Each structure stands twice: as structure tokens, then as C-alpha cells.
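According to the numbering used here, the stretch in the sequence shown is residues 21 to 302, in order.
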Amino acid sequence: MKCLSCGKNFDGEKYYCICPKCGTYNKPEDKTSQTSPEADFIYEEPQAEADREDAVKSPDVDITKTAASVPDAQETREKKAKRNLLILIVIFLALSFLFTIVKNIVVGYLGTDNYKASHREDVTEVAVSKGKVGQAYTVEKDYGRTLTVASAEVLAEADTVEGLPKGQRLIAVRLESNQVDSIDYDSYENAPVDDFYISYDGSFRSEVGTYQFDKGGYDDLIGNRQSISPYDFMGSGAHAGYVFFFVPKEAENIAFFYSIADTDSGEIQKYVSVPLHLDVTE
């Protein structure tokens, strides 16, 4: 053994690895750990291409099954979307049908409550002439057709007839037209009178069709009063009839309105307002 400190060679077993010259303890070498440099290198054969692919191959997955499941999921989503759309369409149609029924019931009795919103602009943009009850007003000059608001009466006070709208008075307005022999139903393209409605406190309401009373069993309330429409003013001869309205019992400043239209184009030329003083029918 050679001393690592002073370099003296000595018998390590004899002197127990202690240098007799300098007294330095020298750790004996581990012969079992001594290997040749070649022993530290382990040679491996190059891995074949197929082996490397196997080494990095992903876990077993059924690709065909997975690919098939994607269209199935998409098809399911499309079917669900179509079903939801169909349900929405059915709901919309049902609500529209219900709204139409309710609207027809309300309009049938009360007239068009939103008449003010839909026709107020026409009233303010077109001239309004004042008329009087019993006064014949010329609605068409070429043939001399006139319209007269002959009378107005209350057929039923509010809440006196079961089944009629609560808080509403039933009003009948009698209209008359003069005798005109020189015209027939081919003389006018459009009726000289366009529509009838009632005005009260700045609100407007359209007439109530008599079929509503017939259907409701109120024939005795209407009696022998025949209805009249704008089309009656297109024919020759004299015509007379009634238009009916519901107005709130507290309504004031009640007036009957009708529009005069051009018989060629049908455009409204002006309105005529006739204030009403209502009498109760006994």
C-alpha cells in the first residue's frame, strides 16, 4: 500500500493501513468495485422501427366505434333541436288561436278598444266637420248622396241586462240616406262613407255587429231595428238603419263619427262629428 500523504510504500495489512512513517490512515481500496471502463458501457442493439411504434402506441381504442359515435351524438342533438322547435311552434299557434278567440269576444261586444291608437292619427290629419242630429250632410256631391244622423238612444243602461259588459251602456244610433234614383251599385268604386264609430272623452270605439246580439239571445233588446253599413250608401233609393255601440256609463262628451271617402280611390277625405244627447228608451 502506498501512503496517500507521504508516498511511502508499506504493508497495509501489517500496519493496519497506518503509514509507519507519517502515521496517516489510508483507507484500503474496494477491489470489488473496480471494473474496467468497458464494463460501465452496456451495448444495446438498435430497436426495430416496429418495436418503437409498439413502445409509443396509445392504449387500445376502437377507432371505428368512436368515429361512429360522433355522428350519432350529432344526430341526437339535431333531433332534439327540431323537437324543441316544433314544440315552440305548436305553443305559438295555440296562443295565437286563443288570443284570436278572446279578441273576437271582446271586440264583438265592446268594439275595438284600441281604435284610438289605430285611427287617431287619421282624425287629427284629416279635417273634421261638425254636424247636428237631424241634419242631412252631403257625403257625395256628384249624385247628391246625403247622410243624416236621425237620432240616438240608450237601449240598456249599465249593469241592467245580464250578460252584457259590466259598466257599459248600449247605444243605438239611427242613420238615414236620401233617395237617389240616378245611381246604382256600379256608380261608385267605393262607398262614399267609410266607417262609423263613437267618440267619448277623447277615446274612440268601433260599432258592435248585430250578429253578436243574435248569437247571445238579445233579439228582444234590438227589436226591429235593422242594421246599416257603409255599403248601403252605394245603391239607389233611400236607406235607414242603426249602428250599435257600448260606452262606459261615466262617459261624457259623446259624439258619433263617420268618415267621408273618395268614391274612386277610397281615401278618407274628412270626418264628420255629430254630438249626441242620449235618451233612455223605456
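The beta carbon of each residue, even a glycine, is placed where N, CA and C say it ideally should be.
Just so we're clear, the structure is a prediction, and the values are computed from it rather than from any experiment.
Query: Buried versus exposed, by CB contacts within 10 Å (16 or more), H139; Result: Because H139 carries a pLDDT of 48, less than 50, the predicted location of this residue cannot be relied on, and the following value inherits that uncertainty. Buried, because 16 or more other Cβ atoms sit within 10 Å of the Cβ of H139.
Query: Cα-Cα separation between L106 and L296, rounded to whole angstroms; Result: 53 Å
Query: Run of the beta strand (DSSP E) containing L175, from where it starts to where it stops; Result: 165-176
Query: Whole-angstrom distance between V292 and K161, CA atom to CA atom; Result: 15 Å
Query: Residues sharing a beta bridge with G183, DSSP; Result: DSSP lists no partner for G183.
Query: Residue(s) in a DSSP beta bridge with Q188; Result: P268
Query: Distance between A172 and A281 (C-alpha atoms, nearest Å); Result: 24 Å
Query: I203, DSSP secondary structure in three states; Result: coil
Query: Beta-carbon proximity list for D252, same chain, < 6 Å, skipping 5 on both sides; Result: H259
Query: Spatial distance of Y220 from E270 (CA atoms); Result: 10 Å
Query: Bridge partner(s) assigned by DSSP for N29; Result: K22
Query: Coarse secondary structure for A101, derived from DSSP in three states; Result: helix
Query: Classification of A147 by the beta-carbon crowding that lies within 10 angstroms, buried from 16 upward; Result: exposed
Query: Contact check, P48 vs G27, beta carbons under 8 Å; Result: no
Query: Assigned exposure category for P212 - 16 Cβ within 10 Å defines buried; Result: buried
Query: Beta-carbon gap between V294 and G183 smaller than 8 Å; Result: no
Query: Opening and closing residue of the alpha helix (DSSP H) in which D240 lies; Result: 239-242
Query: Beta strand (DSSP E) segment containing S149, residue limits; Result: 147-150
Query: DSSP-derived helix/strand/coil call for D252; Result: helix
Query: F276 versus L108 - alpha carbon distance; Result: 44 Å
Query: Assigned secondary structure, I111 (DSSP; H/G/I helix, E/B strand, else coil); Result: helix
Query: For Q155, the three-state DSSP class (helix, strand or coil); Result: coil
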